[in-house]
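Per our numbering, the sequence shown starts with residue 108, numbered consecutively.
For every residue, glycine included, the Cβ atom is placed at its ideal position computed from N, Cα and C.
Quick notes on the structure that follows.
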Amino acid sequence: MNPRLDTLQTYPFQKLAALTAGIAERGDLPRVNLSIGEPRHATPPLIGEAIIAHLGALSSYPSTQGPVALRQAIADWAQRRYGLSPLDIGSQVIPVNGSREALFAVAQAVVTPPAEGADAANRPVVISPNPFYQIYEGAALLAGAEPYYLNTVAESGYVPDLASVPAEVWARTQLFYICSPGNPTGAVLDIDFWRELFSLADRHDFVIAADECYSEIYFDEAQPPLGALQAAQALGRGDYRNLLVFGSLSKRSNAPGLRSGYVIGQAALLKKFLLYRTYHGCAMSEAVAAASVAAWNDEAHVRENRALYKAKFDALLPILGPVTGVERPDAGFYLWLPTPVDDETFVKTLLAEENVLLVPGSYLARSAHGINPGANRVRIALVASLEECVE
108 MNPRLDTLQT
118 YPFQKLAALT
128 AGIAERGDLP
138 RVNLSIGEPR
148 HATPPLIGEA
158 IIAHLGALSS
168 YPSTQGPVAL
178 RQAIADWAQR
188 RYGLSPLDIG
198 SQVIPVNGSR
208 EALFAVAQAV
218 VTPPAEGADA
228 ANRPVVISPN
238 PFYQIYEGAA
248 LLAGAEPYYL
258 NTVAESGYVP
268 DLASVPAEVW
278 ARTQLFYICS
288 PGNPTGAVLD
298 IDFWRELFSL
308 ADRHDFVIAA
318 DECYSEIYFD
328 EAQPPLGALQ
338 AAQALGRGDY
348 RNLLVFGSLS
358 KRSNAPGLRS
368 GYVIGQAALL
378 KKFLLYRTYH
388 GCAMSEAVAA
398 ASVAAWNDEA
408 HVRENRALYK
418 AKFDALLPIL
428 GPVTGVERPD
438 AGFYLWLPTP
448 VDDETFVKTL
458 LAEENVLLVP
468 GSYLARSAHG
478 INPGANRVRI
488 ALVASLEECV
498 E
């Protein structure tokens with residue numbers, strides 16, 4: 108077996124199951140599960156209708172690059188959303204089976220494996236925010252890289268401090284994962300952050316993997332979050348050098364089971380990534396592709412989805428804010444709640460006493476630079492109904 112498998116840590120929700128295994132479910136209170144960021148609003152009918160209309164396509168092998176219609180729909184959406192110049196759908200856009208698989212795969216394609224027996228000082232580095240989506244860490248470890256964690260804390264507005272990274276770490280960095288809006292903090296990165304990160308990527312020749320799966324969950328229709336592609340174009344980087352951006356229909360269109368997303372970015376990077384994917388065996392079904400075209404071409408259901416999340420924040424913040432100090436995030440559907448006791452105790456007690464399940468913040472982070480930035484916090488995923496969230 109691959110010895111790198113032994114370096115993987117237990118996934119957060121496996122740890123959560125072990126933590127709560129002995130706690131009996133109360134019969135007098137409904138179970139409210141706000142632990143997993145799985146959208147539970149209704150999937151728009153247009154997605155199911157498109158799948159049914161294209162079931163005949165299941166008789167054919169799909170192409171790894173994806174159908175022209177889907178690549179065009181993704182490009183058109185990105186151009187509308189971010190005000191981009193026209194994208195080349197032959198070289199700058201690839202459909203993927205959800206952003207998760209692509210975020211994992213990109214590390215396998217980008218990272219140069221360390222030489223046999225290489226010491227720690229010569230291992231490639233993959234940087235990620237901390238807390239983080241666990242796929243970043245697993246992808247780095249299985250690619251043979253050393254993860255380096257950049258803490259995101261309240262004092263810095265949950266923005267990674269790029270200046271804190273030592274020069275010798277930058278020299279070994281090959282991939283930089285970043286998530287905006289952030290999971291679990293909801294922080295949106297501004298143009299100044301992107302300017303600094305792009306400059307570092309140019310100087311040290313690493314790839315930026317920008318995870319934007321929460322980009323369409325925000326509160327003000329007039330002020331959508333800044334995206335990495337948008338920032339690159341504004342900064343004169345219309346070729347998107349050193350940049351790959353990952354997006355998904357899971358949160359935007361309440362279709363996590365569709366497994367449909369995209370990668371957009373520098374043509375030279377995507378040419379190599381497409382070669383990798385040809386062997387990776389991850390071509391999207393033509394029926395799923397047709398449903399994805401329908402979803403990317405419609406914004407009405409996305410606005411309705413945002414309104415549902417906004418209503419939950421509007422209802423919950425007056426309840427939780429005065430007693431916890433928690434504030435509305437920039438975007439996303441999480442509350443990153445401080446706890447008065449350690450986060451594991453809080454989660455166990457809340458489940459036992461109120462039948463409400465959350466995830467400890469420390470499970471979503473690693474101890475780095477003297478702290479675990481998730482400690483004494485819990486993540487509340489506002490994915491249940493408004494009534495359940497209020498309860």
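Residue i burial status per 10 Å Cβ neighbour count (16 or more: buried)
i           : result
residue 250 : buried
residue 523 : A question about residue 523 goes unanswered here, because the residues of the chain that appear run from 108 up to 498.
residue 404 : exposed
residue 167 : exposed
residue 408 : buried
residue 240 : buried
residue 154 : buried
residue 497 : exposed
residue 485 : buried
residue 206 : buried
residue 158 : buried
residue 361 : buried
residue 426 : exposed
residue 453 : buried
residue 322 : buried
residue 201 : buried
DSSP state of residue i mapped onto helix, strand, coil
i           : result
residue 241 : helix
residue 140 : strand
residue 196 : coil
residue 172 : coil
residue 233 : strand
residue 486 : strand
residue 181 : helix
residue 475 : strand
residue 445 : strand
residue 215 : helix
residue 210 : helix
residue 203 : strand
residue 146 : coil
residue 463 : strand
Beta-carbon gap between residue i and residue j smaller than 8 Å
i           : j           : result
residue 298 : residue 338 : yes
residue 354 : residue 368 : yes
residue 123 : residue 466 : yes
residue 283 : residue 234 : yes
residue 444 : residue 489 : no
residue 325 : residue 212 : no
residue 418 : residue 493 : yes
residue 506 : residue 398 : In the structure displayed, the chain extends from 108 to 498; residue 506 sits before or after that span and is not available.
residue 199 : residue 377 : yes
residue 415 : residue 161 : no
residue 203 : residue 281 : no
residue 169 : residue 392 : yes
residue 246 : residue 214 : yes
residue 189 : residue 293 : no
First and last residue of the uninterrupted beta strand (DSSP E) at residue i
i           : result
residue 368 : 368-372
residue 219 : Neither: residue 219 is in no beta strand (DSSP E) and is coded neither H nor E.
residue 296 : Neither: residue 296 is in no beta strand (DSSP E) and is coded neither H nor E.
residue 282 : 280-286
Element boundaries [alpha helix (DSSP H), containing residue i]
i           : result
residue 157 : 152-160
residue 259 : Residue 259 -> no alpha helix (DSSP H), and no H or E assigned at all.
residue 440 : No alpha helix (DSSP H) contains residue 440, which DSSP labels as neither H nor E.
residue 121 : 119-126
Residue i CB to nearest heavy atom of the ligand FMN below 7 Å
i           : result
residue 341 : Looking at this structure, you won't find the ligand FMN or any other ligand, since it has none at all.
(request) Write down every uninterrupted run of the beta strand (DSSP E) in the region 355-425 whose length is 3 residues or greater and which is fully enclosed by it, in chain order. (result) Those beta strand (DSSP E) runs which fall completely within the region 355-425 and span 3+ residues are 368-372.
(request) Can you check the region 299-344 for any alpha helix (DSSP H) of at least 4 residues that lies completely inside it and give the ranges in chain order? (result) Entirely contained in the region 299-344, the alpha helix (DSSP H) runs reaching 4 residues are, in chain order, 335-341.
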